[in-house]
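**Student:**
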Amino acid sequence: MSRYIEGQGRQQVTLLPECLDDFIAEDNTVRIVDAFITELDLAALEFQGMQAASTGRPSYHPSVLVKLYLYGYLNRIQSSRRLERECQRNVELMWLTGRLAPDFKTIADFRRDNGKGIRNVCRRFVMLCRELKLFTESVVAIDGSKFKAVNNRDRNFTGVKIDRFQEHIEQSIQRYLDGLETADRTQSTELQAKTERVHEKVKKLRQRMQQLEQIREKLKTEPDGQLSVTDSDARAMATSRPGSAVIGYNVQTAVDAKHHLIVAHEVTNDSSDRSQLSKMALASREAMGLFDLQALADRGYYNGVELKVCQDEGIAAYVPKPMTSNAKAAGRYDKADFIYIARDDEYQCPSGQRAIHRFSTDERGLQIHLYWPSGCPGCSIRDQCTTSKYRRIRRWEHENVMDAVQQRLDRQPDAMKVRRRTVEHVFGTLKHWMGSTHFLMRGIQNVATEMSLHVLAYNFKRVLSILGVEQTKKAMQLLGA
1079 MSRYIEGQGR QQVTLLPECL DDFIAEDNTV RIVDAFITEL DLAALEFQGM QAASTGRPSY
1139 HPSVLVKLYL YGYLNRIQSS RRLERECQRN VELMWLTGRL APDFKTIADF RRDNGKGIRN
1199 VCRRFVMLCR ELKLFTESVV AIDGSKFKAV NNRDRNFTGV KIDRFQEHIE QSIQRYLDGL
1259 ETADRTQSTE LQAKTERVHE KVKKLRQRMQ QLEQIREKLK TEPDGQLSVT DSDARAMATS
1319 RPGSAVIGYN VQTAVDAKHH LIVAHEVTND SSDRSQLSKM ALASREAMGL FDLQALADRG
1379 YYNGVELKVC QDEGIAAYVP KPMTSNAKAA GRYDKADFIY IARDDEYQCP SGQRAIHRFS
1439 TDERGLQIHL YWPSGCPGCS IRDQCTTSKY RRIRRWEHEN VMDAVQQRLD RQPDAMKVRR
1499 RTVEHVFGTL KHWMGSTHFL MRGIQNVATE MSLHVLAYNF KRVLSILGVE QTKKAMQLLG
1559 A
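Start counting the sequence shown at 1079; every next residue gets the next number (the numbering used here).
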């Protein structure tokens, strides 16, 4: 007799068929997925196909496919082909879909055609978190990260790239022609075959030159001078490591500081974060339903206009100022060394002299005031201050807003630590789930849909971790109330 645990024979027949529900434990996440989607009003969330057609082949109910996608993204199965296979062999999915097994084309088309509905489901889950009082602290951390698109770096073009490619092609053509001339002069035994190969290669290179010229013409119609061939909305995004730019999207998120739930997100193809602060802060406040919001962001978001919008809306922004002073880098006095005296609208320089207001100018829509002292030419420390005859100080008309942000940061020196531990791990988690390819769909609207599914799955797991299975099940009843 064997001393190992043995399984049943493959030909063993059971008298009574086993119930599918017996294979799914009561605390299985798939039951929470089913409860959540079942309670949703998919028609109000603007899903297509809520009214079945009276003719033609019957379609799948949208709830089946929403359940399928939420389960897939919770389990890092984003591909429609992989979801099709899982429906045929995964007991949990058999239970969830009622043994339905849509083909991959049906699954993929649903995600493409119901982007608005999927994004609304993601927002609805955030509203559920708000109803559950999970947003009790009015603090969010805002950050952006670069995600890869379905577009190779070699299929993203700028004028500089095209010049570089054409230069390499010209060098290659010349190298082949030189090799052909050498072979002709030495009368190589394989001259005929080599000549044919070289002519074929040169022909292909010249065709490539023509293609690049056509792309150069298309570039003239692009407002940002950049063209992505595979995904037209994707853009070259610089990363923190030099020379490691990716072709993709800049995903903005706002994460609450208590439970680390994503309260707002947006997919953009702007490589800079500088114009995103107020938009994300306002979206966060609306999602959380809190008026007195504190928004934490890194130096990449420092923008006077954005900070002014936040102040006007009653949002307290915490953004450190970038260290970009050329004077400081050269060992001279920085603007921070000059004390602004609001009562007199003057600056006091390090030598004790007053820099008075001279005139104002308009720069890119901003009203800038200029100041300088009269005693600069005879100042004993002028070399430590400026290389010009006078040290000019520039001040934006609303620079008091930026001063208030700095004072706020000085009172809370740990604000950036809170930001870092709140938001940065979220991007690490999402990219780990996505794998090396990140997005699978093309076009910014489709990518936004895909990102909403990732955010929904992330928040779903967080709520399960915070509340537990039983409390989460009860919470789903709020949706139907």
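Backbone N, C-alpha and C fix where the C-beta goes; we use that ideal spot for every residue, glycine too.
Just so it is clear, the structure is predicted and the values come from calculations on it, not from any experiment.
1. To the nearest angstrom, how far is it from the Cα of V1199 to the Cα of M1366?
2. What does DSSP give as the partner residue(s) for S1306 in the beta ladder?
3. Which of the three DSSP states is assigned to I1340 in this structure?
4. Using the beta-carbon count (16 or more within 10 Å), is F1101 buried or exposed?
5. Go ahead and pull the three-state DSSP assignment for P1140.
6. Do T1175 and V1142 have their beta-carbon atoms positioned less than 7 Å apart in this structure?
7. What three-state label does DSSP hand E1084 in the structure shown?
8. To the nearest angstrom, how far is the alpha carbon of T1464 from that of A1405?
9. Taking only the alpha-carbon atoms, compute the straight-line gap between R1197 and A1526 and give it to the nearest angstrom.
10. Express the C-alpha separation of G1456 and R1486 in angstroms, rounding to a whole number.
11. Which two residues bound the contiguous alpha helix (DSSP H) that contains M1401?
12. Just to check my reading of the structure: K1399 and Q1490 have Cβ atoms closer than 8 Å, yes? What is that Cβ distance to the nearest angstrom?
13. Considering only DSSP beta bridges, list what S1438 is partnered with.
14. I'd like to check one pair, D1334 with V1324: are the Cβ atoms closer than 7 Å?
15. Return yes when the Cβ of A1312 is within less than 7 Å of the Cβ of N1229, no when it is not.
16. Could you tell me which of D1370, F1125, V1496 and D1376 sits nearest to S1353, measuring between CA atoms?
17. Does the structure place the stretch 1520 to 1539 close enough to the stretch 1294 to 1312 that three or more beta carbon pairs sit under 8 Å?
18. Would you say the stretch 1113 to 1130 touches the stretch 1151 to 1171, given that touching needs at least three Cβ pairs under 8 Å?
19. Using a 10 Å radius around the Cβ and a threshold of 16 neighbouring Cβ atoms, would you call L1255 buried or exposed?
20. Identify which residue in Q1372, N1106 and R1109 has its Cα closest to the Cα of I1220.
21. Could you give the distance in angstroms between the alpha-carbon of M1079 and the alpha-carbon of E1096?
22. Three or more C-beta pairs under 8 Å: does that hold for the stretch 1278 to 1290 against the stretch 1239 to 1247?
23. Check for me: the alpha helix (DSSP H) holding L1374 runs from which residue to which?
24. Express the C-alpha separation of P1428 and Y1449 in angstroms, rounding to a whole number.
25. If we define contact as Cβ-Cβ less than 7 Å, is K1467 a contact residue for chain C?
26. Please confirm whether E1608 and I1434 have their CB atoms less than 7 Å apart.
27. Out of L1123, Q1389, F1225 and Y1151, state which residue places its alpha-carbon closest to the alpha-carbon of F1517.
28. DSSP state of Q1039, grouped into three classes?
29. Who are S1223's beta bridge partners in DSSP?
30. Going by DSSP, what residues sit across from R1472 in a beta bridge?
31. Looking at the secondary structure, which residues open and close the beta strand (DSSP E) in which M1315 lies?
32. What number of angstroms, rounded off, separates the C-alpha of L1148 from the C-alpha of E1209?
33. Grouping DSSP H, G and I as helix and E and B as strand, with all else coil, what is E1209?
34. Ignoring anything shorter than 3 residues, give me the beta strand (DSSP E) runs that lie fully in the stretch 1101 to 1173, in order along the chain.
35. Counting only the same chain and skipping the five closest in sequence on each side, list residues whose C-beta sits under 6 Å from that of A1179.
**Tutor:** This is what the structure gives:
1. Spanning the two alpha carbons is a distance of roughly 16 Å.
2. N1234
3. strand
4. exposed
5. The answer is helix: DSSP assigns P1140 an H, G or I state.
6. yes
7. E1084 falls in the coil class under three-state DSSP.
8. 8 Å
9. 8 Å
10. 38 Å
11. Element bounds for M1401: n/a, residue is neither H nor E.
12. About 15 Å; that fails the 8 Å criterion.
13. H1447
14. Pairing V1324 with D1334 gives a Cβ-Cβ distance that is not under 7 Å.
15. yes
16. D1376
17. Three or more beta-carbon pairs drawn from the stretch 1294 to 1312 and the stretch 1520 to 1539 are found closer than 8 Å, and the two stretches are therefore classed as touching.
18. no
19. exposed
20. When Q1372, N1106 and R1109 are compared, the shortest CA-CA separation from I1220 is found for Q1372.
21. Annotation note: pLDDT 47 at M1079 (below 50); position unreliable, no value reported.
22. yes
23. Not the alpha helix (DSSP H): L1374 falls in the beta strand (DSSP E), residues Q1372 to L1374.
24. 14 Å
25. Annotation note: the requested chain C is absent from the structure, which comprises a single protein chain.
26. The shown model of the chain, from 1079 to 1559, leaves out residue 1608, and the question about it has no answer.
27. F1225
28. The structure shown has nothing for residue 1039, since the chain only spans 1079 to 1559.
29. Beta-bridge pairing links S1223 to V1329.
30. L1448
31. R1313 to M1315 is the span of the beta strand (DSSP E), which, as asked, contains M1315.
32. 21 Å
33. helix
34. none
35. C1165 and Q1166
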